[in-house]
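Undergrad: Oh and the sequence shown: position 328 is 493 in our numbering, straight run, nothing missing. For glycine and all other residues, C-beta sits at the position ideal for the given N, C-alpha and C. Structure in structure tokens, see below.
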Amino acid sequence: MAKTLVIAEKPSVGKDLARVLPGPFQKKTGATDKTERSLEGPEHVISWAVGHLVQLADPDTYDEKYKKWRMADLPIVPPKFKLTVRDERSQKQMTIVRQLLKRDDIDLVINACDAGREGELIFAYLYEQAKASLPVKRLWLSSMTADAMRNALANLGEGEEYALLEQAARSRSEADWIVGMNATRAATIRLRSSFDGAVSLGRVQTPTLAIIARREEEIRAFVPEPYWLVDAKFEAEGNRRFEGRYHEGAQPRIASAEAAQLVVEAVRAQRGEITKLEKRKRTEIVPLLYDLTSLQREANTRYGFSAKRTLGAAQRCYEEHKALTYPRTASRYL
166 MAKTLVIAEK
176 PSVGKDLARV
186 LPGPFQKKTG
196 ATDKTERSLE
206 GPEHVISWAV
216 GHLVQLADPD
226 TYDEKYKKWR
236 MADLPIVPPK
246 FKLTVRDERS
256 QKQMTIVRQL
266 LKRDDIDLVI
276 NACDAGREGE
286 LIFAYLYEQA
296 KASLPVKRLW
306 LSSMTADAMR
316 NALANLGEGE
326 EYALLEQAAR
336 SRSEADWIVG
346 MNATRAATIR
356 LRSSFDGAVS
366 LGRVQTPTLA
376 IIARREEEIR
386 AFVPEPYWLV
396 DAKFEAEGNR
406 RFEGRYHEGA
416 QPRIASAEAA
426 QLVVEAVRAQ
436 RGEITKLEKR
446 KRTEIVPLLY
456 DLTSLQREAN
466 TRYGFSAKRT
476 LGAAQRCYEE
486 HKALTYPRTA
496 SRYL
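Given below as structure tokens:
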């Protein structure tokens, strides 16, 4: 009987899927270790990628001369990017996945990696590295509840429907490689007399570092200037109370204590007068849902959480507790 191979992005998702697919499932370990590598059921085989198993190859894969860092060899722009397995740990899992993709009784693959660009890329790199040719269906999971998984399994998409997401992720990955490899080598060579080791530059990290450095310079150059504010409490008819702040034009700040005291003395215990009253009807827009960035920003503001800590908590709420939809998203809409 032919079986379907399901490839998830991580073991926890694979095990969750096993709970809603026809079972029972048997655990399968590697040939040389006891690490759980896949799950075998009557109709499905489930395995996983453990994140990025495959990555873009280093420059010396294209030409041995790139083992030496020389300015004359830059820029390095491969005509076609090559792939390589990330490390020894990844190689063990990749071997299992490659064997499963070559099995005679497997006639269909379900891409069950995370629902986003990187999920598409993880699967695409793995599939390409394995030189697989089986037809692919896409499982698009935004929630890890049992009902959501069953519904997604009943409504599989065609793999090619998500080609644009894969292309976007490939473009990002290749741009990172081109900028990172070339800029890092150029900076390291140029600054060799001033720095030991490599000077790491990147498409995202270097502009981000520049923003941080610029802000740090502004903070160090800032000269604090004291100012004063004058607040007053008002009581209207019907025991209604409110507070107001003195403004001189549009600016509430007063440059000296003496000037602030003069304002206080001029208005203390005086009768106020409403000189202008405006009434407006306003429609308040419902706040958007969180995306990952806005969630990390608010968690930092409220609780001082780092971006990494917030992502970890959100990921656990998604995978373990089934309390959140997929957290690694840039969308704020359902």
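Where do the ends of the beta strand (DSSP E) carrying serine 212 lie?
TA: Walking along the sequence shown from the start, residue 212 turns up at place 47. 209-213 is the extent of the beta strand (DSSP E) around serine 212.
Undergrad: Buried or exposed, going by whether 16 or more other CB atoms sit within 10 Å of the CB of asparagine 276?
TA: Sequence index remark: in the sequence shown, residue 276 carries index 111 (1-based). Around the beta carbon of asparagine 276, 16 or more other beta carbons lie within 10 angstroms, which makes this residue buried.
Undergrad: Can you give the Cα-Cα distance for isoleucine 241 and leucine 356, rounded to whole angstroms?
TA: Along the sequence shown, one-based indexing puts residue 241 at 76. Along the sequence shown, one-based indexing puts residue 356 at 191. Answer to the nearest angstrom: the Cα atoms are 19 Å apart.
Undergrad: Report yes or no: do the stretch 254-266 and the stretch 205-216 share at least 3 C-beta pairs separated by less than 8 Å?
TA: yes
Undergrad: Does the separation of the CB atoms of leucine 248 and valine 219 fall below 9 Å?
TA: Position 83 of the sequence shown, counting from 1, holds the residue named residue 248. Position 54 of the sequence shown, counting from 1, holds the residue named residue 219. Cβ atoms of leucine 248 and valine 219: closer than 9 Å.
Undergrad: If you draw a straight line from the C-alpha of proline 417 to the C-alpha of arginine 410, how long is it?
TA: For the purposes of this step, residue 417 is taken as the residue at position 252 of the sequence shown. For the purposes of this step, residue 410 is taken as the residue at position 245 of the sequence shown. Cα to Cα, proline 417 sits roughly 7 Å from arginine 410.
Undergrad: For the alpha helix (DSSP H) that tryptophan 288 lies in, which residues bound it at each end?
TA: Here residue 288 corresponds to residue number 123 of the sequence shown, with the count starting at 1. What sits at residue 288 in the sequence shown is phenylalanine, not tryptophan. Start and end: 282-294.
Undergrad: Could you give the first and the last residue of the continuous beta strand (DSSP E) run that contains isoleucine 178?
TA: Along the sequence shown, read from residue 1 onward, the residue named residue 178 stands at position 13. Strictly speaking, residue 178 in this sequence is valine, with isoleucine absent from that position. Counting along the chain, valine 178 falls outside any beta strand (DSSP E), though it belongs to the alpha helix (DSSP H) covering 176-183.
Undergrad: Quick check: the Cα distance between methionine 346 and serine 471, rounded to an integer number of angstroms?
TA: Mapped onto the sequence shown, residue 346 falls at position 181. Mapped onto the sequence shown, residue 471 falls at position 306. Take the alpha-carbon of methionine 346 and the one of serine 471: they are about 28 Å apart.
Undergrad: Got a sec, what are the start and stop residues for the alpha helix (DSSP H) glutamine 191 sits in?
TA: Within the sequence shown, the letter at position 26 stands for residue 191. Segment 191-194 is the beta strand (DSSP E) holding glutamine 191; no alpha helix (DSSP H) there.
Undergrad: I need the DSSP call for valine 344, collapsed to helix, strand or coil.
TA: In the sequence shown, residue 344 corresponds to position 179, counting from 1. DSSP places valine 344 in helix when its eight states are reduced to three.
Undergrad: Per DSSP, what kind of secondary structure is glutamine 220 in: helix, strand or coil?
TA: Mapped onto the sequence shown, residue 220 falls at position 55. Residue state, collapsed to three classes: strand.
Undergrad: Could you spell out where the beta strand (DSSP E) holding alanine 397 opens and where it closes?
TA: Position 232 of the sequence shown, counting from 1, holds the residue named residue 397. 396-401 is the span of the beta strand (DSSP E), which, as asked, contains alanine 397.
Undergrad: Rounded to the nearest angstrom, what separates glycine 469 and glutamate 443 at their Cα positions?
TA: Reading the sequence shown from its first residue, position 304 is the one you call residue 469. Reading the sequence shown from its first residue, position 278 is the one you call residue 443. C-alpha separation (whole angstroms): 40 Å.
Undergrad: Between the Cα of histidine 412 and those of Ala401, Ala397, Arg433, spot the shortest distance and give me the residue it belongs to.
TA: As a working mapping, residue 412 is identified with position 247 in the sequence shown. Comparing Cα-Cα distances from histidine 412 to each of Ala401, Ala397, Arg433, the minimum goes to Ala397.
Undergrad: So, is histidine 486 buried or exposed, given that buried needs 16 or more other C-beta atoms within 10 angstroms?
TA: Residue 486 sits at position 321 when you count from the first residue of the sequence shown. So histidine 486 ends up on the exposed side.
Undergrad: Which of the three DSSP states, helix, strand or coil, is assigned to glutamate 390?
TA: Start at 1 with the first residue of the sequence shown, and residue 390 comes out as number 225. It is coil, neither helix nor strand.
Undergrad: Under 8 Å, with one C-beta from each stretch per pair, do the stretch 265-274 and the stretch 304-320 reach the 3-pair mark?
TA: At 8 Å Cβ cutoff, the stretches do not touch.
Undergrad: Just checking my contact of glutamate 323 with lysine 302 at CB under 8 Å: how many whole Å lie between their CB atoms?
TA: Here residue 323 refers to the residue found at position 158 when the sequence shown is read from its first residue. Here residue 302 refers to the residue found at position 137 when the sequence shown is read from its first residue. At roughly 7 Å, the Cβ-Cβ gap stays under 8 Å, so glutamate 323 and lysine 302 are in contact.
Undergrad: List the endpoints of the continuous beta strand (DSSP E) containing threonine 249.
TA: As a first step, residue 249 is located in the sequence shown; it is residue number 84 there, counting from the start. From DSSP, the beta strand (DSSP E) with threonine 249 extends over 248-250.
Undergrad: Considering only residues of the same chain and omitting the five flanking positions on each side of glycine 195, which have a CB-CB separation below 6 Å?
TA: One-based indexing of the sequence shown puts residue 195 at position 30. The beta carbon of glycine 195 sits closer than 6 Å to those of Arg202, Lys257, all from its chain and outside the five residues before and after it, given in chain order.
Undergrad: Could you give the distance in angstroms between the alpha-carbon of valine 344 and the alpha-carbon of lysine 192?
TA: Taking the first residue of the sequence shown as 1, we reach residue 344 at position 179. Taking the first residue of the sequence shown as 1, we reach residue 192 at position 27. Between valine 344 and lysine 192, the C-alpha separation is close to 42 Å.
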